[in-house]
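Asker:
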Amino acid sequence: MARRAIIPLLLTSLLGAPMPSLAQETIPESIQIGLSTDRVTITSDFSGAALTIFGAVDNPDPQISRQGGYDVIVVLEGPSAPVVVWRRARVLGVWVNAQSETFVNIPVSYSVATTKVLQDIAGQTSYRQLSLGASYLYLEPENREGDPARITEFTAALRARKLETGLYSENVGGVQFLSQTLFRATLNLPPNVPVGTHKARAFLFRGGVFIKETSANLAIVKAGFEQTVYRAAHDYSLLYGIFAVVLAMLVGWLGRIIFRRD
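Using our numbering, you'd call the opening residue of the sequence shown number 905 and step up by one each time.
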């Protein structure tokens, strides 16, 4: 009788025990990246460089991988700094700076590499929410309560200027999958790339939906004589300015003597 009483109790406890859900067992995808180098040196003959970033998609869905449903966008974002945008106007026949708008926390450089064109990866709403892409990067005005039309105009001018100088760029097809999980991204560093700490960021999309982001740091520094001059200009700015003025006067005086006509 005791055994007959115990068996129903065991069955009841087993049936009543909570079963692990499939959602808890499912591990979401993630992304990892590694830089070919974590330090780039700039010398006098620096004319730009290509940075290679390797990455992998962890825990991918095999069916989605086979169908090419994963997309990756890689960004190299330079250090941030305030930027003043001026509008020139003609006053008494002379072009002068008339109006200005100040922006804060603006990446000095911003390079993007993608698996395909942005329109084929996700929608504009996702890019604006993520502040992702040269066309969707949020450029924060100092005076947010200013005239919206004026802010929009100056924002477009700032974005266009960055693209013209090559500091902002997009490389469609710059990210290539080497296998179903491994990928390689190539980002171009322009000759005028700023020194400082840059952040490489990788965004994983699945079927147009943002999944995960990861990042790594890259240091860009000057080397050799350029580094010495750069440090002197920042650490001893007053003495550096005086030396530059004296040197300019000396060069001008020597040039006058050398090219003087009797």
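Backbone N, C-alpha and C define an ideal beta-carbon position, used for all residues, glycine too.
Can we say the segment 990–1009 touches the segment 1108–1124, given the rule of at least three CB pairs closer than 8 Å?
Answerer: Touching, no.
Asker: Rounded to the nearest angstrom, what separates Ala-848 and Gln-936 at their Cα positions?
Answerer: The first residue shown for the chain is 905 and the last is 1166, placing residue 848 beyond what the model contains.
Asker: Please list the terminal residues of the continuous alpha helix (DSSP H) segment that includes Glu-1057.
Answerer: Numbered from 1 along the sequence shown, position 153 holds the residue referred to as residue 1057. Unbroken alpha helix (DSSP H) run through Glu-1057: 1052–1069.
Asker: Can you have a look at Leu-1062 and say buried or exposed, based on whether 16 or more other CB atoms are within 10 angstroms of its CB?
Answerer: Position 158 of the sequence shown, counted from the start, is the residue given in the question as residue 1062. Buried is the call here.
Asker: Could you spell out where the alpha helix (DSSP H) holding Ile-1146 opens and where it closes?
Answerer: To locate residue 1146, count along the sequence shown from 1; it is residue 242. Here the alpha helix (DSSP H) through Ile-1146 covers 1141–1162.
Asker: Per DSSP, Lys-1126 forms a beta bridge with which residues?
Answerer: The residue labelled residue 1126 in the question sits at position 222 within the sequence shown. DSSP lists Ile-946 as partners of Lys-1126.
Asker: Excluding the five sequence neighbours on either side, which residues of its own chain have a C-beta within less than 7 Å of the C-beta of Leu-1041, listed in chain order?
Answerer: As a working note, residue 1041 is residue 137 in the sequence shown. Tyr-1014 and Ser-1035, listed in sequence order.
Asker: Measure how close the beta-carbons of Gly-972 and His-1102 come, nearest whole angstrom, since I'm counting them as under 8 Å.
Answerer: By 1-based counting over the sequence shown, the position of residue 972 is 68. By 1-based counting over the sequence shown, the position of residue 1102 is 198. Their Cβ separation, rounded to whole angstroms, is 30 Å, which puts Gly-972 and His-1102 out of contact at 8 Å.
Asker: Rounded to the nearest angstrom, what separates Glu-1049 and Leu-1154 at their Cα positions?
Answerer: Numbered from its first residue, the sequence shown carries residue 1049 at position 145. Numbered from its first residue, the sequence shown carries residue 1154 at position 250. Distance between the alpha carbons of Glu-1049 and Leu-1154 is about 50 Å.
Asker: Which stretch, first to last residue, makes up the alpha helix (DSSP H) that contains Arg-970?
Answerer: The sequence position of residue 970 within the sequence shown is 66, counting from 1. Start and end: 966–970.
Asker: State the start and end residues of the unbroken beta strand (DSSP E) segment that holds Ser-1030.
Answerer: Here residue 1030 corresponds to residue number 126 of the sequence shown, with the count starting at 1. Per DSSP, Ser-1030 belongs to no beta strand (DSSP E); it is in the alpha helix (DSSP H), 1028–1034.
Asker: Below 6 Å CB to CB, which residues in the same chain sit around Glu-1046 once its five sequence neighbours on both sides are set aside?
Answerer: In the sequence shown, counting from the first residue as 1, residue 1046 sits at position 142. Closer than 6 Å at Cβ, skipping near neighbours: Thr-1006 and Val-1008.
Asker: Apart from the five residues on each side of it in sequence, which residues of its chain come closer than 6 Å, Cβ to Cβ, to Leu-1170?
Answerer: Residue numbering for the chain in the displayed model covers 905 to 1166; residue 1170 lies beyond these limits and cannot be assessed.
Asker: Use the C-beta contact count for Gly-1112: other C-beta atoms within 10 angstroms, 16 or more gives buried, fewer gives exposed.
Answerer: Counted from its first residue, the sequence shown places residue 1112 at position 208. Exposed is the call here.
Asker: Alpha carbon to alpha carbon, how far is Ile-977 from Arg-1110? Give it in angstroms, no decimals.
Answerer: On the sequence shown, position 206 is the one that residue 1110 refers to. On the sequence shown, position 73 is the one that residue 977 refers to. Taking the straight line from one Cα to the other gives about 12 Å.
Asker: Return helix, strand or coil for Leu-1108, following the three-state DSSP convention.
Answerer: Residue numbering aside, residue 1108 sits at position 204 when the sequence shown is read from its first letter. The answer is strand: DSSP assigns Leu-1108 an E or B state.
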